[in-house]
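Peer 1: Residue numbers for the sequence shown follow our numbering, beginning at 1 and rising by one.
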Amino acid sequence: MIIDQLESIKERFEEVTQQITMPEVVSDMNKFKKISKEYKDLEKIVNEYKKYTTLLANIQEAKDLIAYEKDEEMREMAKIELEELLPKRDAAEDLLKDMLIPKDPNDSKDVILEVRAGTGGDEASIFAGDLFRMYQRFSVLQGWQFQVMDYTEAPSGGYKEIVVSVKGEDVYGKLKFESGVHRVQRVPATESQGRIHTSAATVAVLPEADEVDVVINMNDVRKDTFCSSGAGGQSVNTTYSAVRVTHIPTGIVVQCQDERSQIKNFDKAMTVLRSRIYEMELAKRNDAIAGERKSMVGSGDRSDKIRTYNYPQGRVTDHRIGYTVYNLPTVMEGQIGDFIEKLRIAENADRIKEGVA
């Protein structure tokens with residue numbers, strides 16, 4: 001019963017509310033962060049549950065009036081009120097059922113977002129820049145922090161690759177659907193005969209790993225420094241502030257050069273390294289659990305073409321759910337929330353169907 005689940009959640013919320021103020025929790029940053037996250041997650045459900053119980057009480061009151069009130073006018077008012085309350089109850093139940101579906105534990109994490117030019121030469125780099133700006137604008141709309149960590153510009157414009165840190169509420173839970181190959185169909189600025197070209201860019205969304213998530217033996221890390229080639233005024237090409245770290249066991253290489261401080265660049269590079277190792281371990285675990293099963297959405301398989309942006313028709317199609325819109329300029333301005341919501345609904349339906357906890 002949904003009520004039993006909600007009552008259990010309410011009880012747990014009351015326990016967590018007490019724990020969050022305990023000295024032993026406040027003094028332990030990792031424990032406090034974990035309890036605070038649980039408090040925040042449970043609070044959303046408990047608040048909706050309170051609204052739901054109020055609705056049920058009002059419905060019962062209206063039913064009692066209809067059944068026992070002798071005044072005809074009062075009964076009519078109760079009937080009108082009941083007609084208004086029942087759809088609200090159904091909507092509240094749907095919302096609570098959705099909130100009770102087991103969530104990906106990484107959904108609340110910040111992310112490392114990587115956009116890379118794929119097939120298509122110069123046009124692919126330009127498109128990678130377009131996607132970068134799309135995510136930057138979406139992040140602004142969400143109230144998230146969006147910070148460039150590393151990039152390689154392309155001679156014709158755009159980026160060969162760009163890596164950014166995105167921080168805020170439920171960042172991974174929303175951006176995880178963007179992992180994959182994004183394809184563009186348009187006439188490049190360099191095309192003299194007006195022919196439509198098809199190019200692609202790859203997007204990777206990595207949940208940002210905390211130090212407690214991934215413990216790295218620093219003896220396994222090689223650190224190299226070099227002169228920054230990016231923005232930075234007089235320090236560019238004169239100080240060895242840029243950092244490249246190599247994780248010897250996995251062969252993962254990360255570099256960061258956007259800060260003037262070598263220490264800050266090293267810290268950022270280690271954050272990206274932890275996130276890439278974390279994603280690698282996560283992929284192994286998911287493969288072990290899922291076997292050959294491939295989810296309709298959220299698989300993170302970047303070999304799959306997930307979305308096409310067709311400029312001549314002003315069309316954007318998400319191939320995973322067969323959803324098409326004809327407002328491409330708006331989408332490129334960061335209005336991708338509609339796609340994300342439909343993908344989230346599809347993921348939830350898929351999880352229910354497959355019985356994935």
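Beta carbons are placed, not taken as given, at the ideal position from N, Cα and C, and that holds for glycine. Nothing here was measured: the structure is a model prediction, and the numbers come from that model.
Per the contact definition of three or more C-beta pairs closer than 8 Å, is the segment 90 to 104 in contact with the segment 2 to 12?
Peer 2: yes
Peer 1: Using a Cβ-Cβ cutoff of less than 8 Å, which residues in the same chain neighbour Y323 once the five nearest sequence positions on both sides are dropped?
Peer 2: Here residue 323 corresponds to residue number 323 of the sequence shown, with the count starting at 1. Hits under 8 Å: T317, F339 and K342.
Peer 1: Could you have a look at K109 and say whether DSSP puts it in helix, strand or coil?
Peer 2: The residue given as residue 109 occupies position 109 in the sequence shown. The answer is coil: DSSP assigns K109 none of H, G, I, E or B.
Peer 1: Nearest by alpha-carbon distance to A62: which of E43, T246, L86 and D41 is it?
Peer 2: Residue numbering aside, residue 62 sits at position 62 when the sequence shown is read from its first letter. Taking only the C-alpha atoms, the option nearest A62 is L86.
Peer 1: In three-state DSSP terms, what is N217?
Peer 2: Along the sequence shown, read from residue 1 onward, the residue named residue 217 stands at position 217. Coil at N217, not helix or strand.
Peer 1: Could you confirm whether any beta carbon from chain C is found closer than 9 Å to the beta carbon of S139?
Peer 2: Given the protein chain composition of this structure (a single chain), no chain C is represented.
Peer 1: Between which two residues does the alpha helix (DSSP H) harbouring Y52 extend?
Peer 2: Walking along the sequence shown from the start, residue 52 turns up at place 52. Where Y52 is concerned, the enclosing alpha helix (DSSP H) stretches over M29 to Y68.
Peer 1: Put Y429 into one of helix, strand or coil per three-state DSSP.
Peer 2: Nothing in the structure corresponds to residue 429, since the chain is present only between 1 and 357.
Peer 1: Per DSSP, what are the beta-bridge partners of I252 in this structure?
Peer 2: For this step, residue 252 is matched to residue 252 along the sequence shown. I252 pairs with H247.
Peer 1: Here's the rule: buried if 16 or more other CB atoms are within 10 angstroms of the residue's CB, otherwise exposed. What is E76?
Peer 2: To locate residue 76, count along the sequence shown from 1; it is residue 76. Exposed, because fewer than 16 other Cβ atoms sit within 10 Å of the Cβ of E76.
Peer 1: Please tell me whether G314 and F138 are closer than 9 Å, where the distance is taken between their beta carbons.
Peer 2: Counted from its first residue, the sequence shown places residue 314 at position 314. Counted from its first residue, the sequence shown places residue 138 at position 138. It is not a contact, given that the beta carbons lie outside the stated cut-off.
Peer 1: For the alpha helix (DSSP H) holding E83, just list the boundary residues, first then last.
Peer 2: In the sequence shown, the residue the question calls residue 83 occupies position 83. Looking at the DSSP string, the run of the alpha helix (DSSP H) that includes E83 is E72 to L100.
Peer 1: Just to check my reading of the structure: K50 and M149 have Cβ atoms closer than 8 Å, yes? What is that Cβ distance to the nearest angstrom?
Peer 2: Position 50 of the sequence shown, counting from 1, holds the residue named residue 50. Position 149 of the sequence shown, counting from 1, holds the residue named residue 149. Contact doesn't hold; Cβ gap of about 41 Å is too wide.
Peer 1: Along the chain, where does the alpha helix (DSSP H) that runs through A124 open and close?
Peer 2: Counted from its first residue, the sequence shown places residue 124 at position 124. D122 to Q142 is the extent of the alpha helix (DSSP H) around A124.
Peer 1: Between the C-alpha atoms of Q255 and A242, what's the straight-line distance to the nearest angstrom?
Peer 2: Along the sequence shown, one-based indexing puts residue 255 at 255. Along the sequence shown, one-based indexing puts residue 242 at 242. If you draw a straight line from the Cα of Q255 to the Cα of A242, it comes to about 7 Å.
Peer 1: How big is the Cα-Cα spacing for Q136 and A128?
Peer 2: Position 136 of the sequence shown holds residue 136. Position 128 of the sequence shown holds residue 128. Going from the Cα of Q136 to the Cα of A128 covers about 12 Å.
Peer 1: Within a Cβ cutoff of 8 Å, which residues of the same chain sit near I59, ignoring the five residues on either side of it in sequence?
Peer 2: Position 59 of the sequence shown, counting from 1, holds the residue named residue 59. L82, L85, L86 and R89.
Peer 1: What are the start and end residues of the alpha helix (DSSP H) that includes D4?
Peer 2: Sequence index remark: in the sequence shown, residue 4 carries index 4 (1-based). Residues I2 to Q19.
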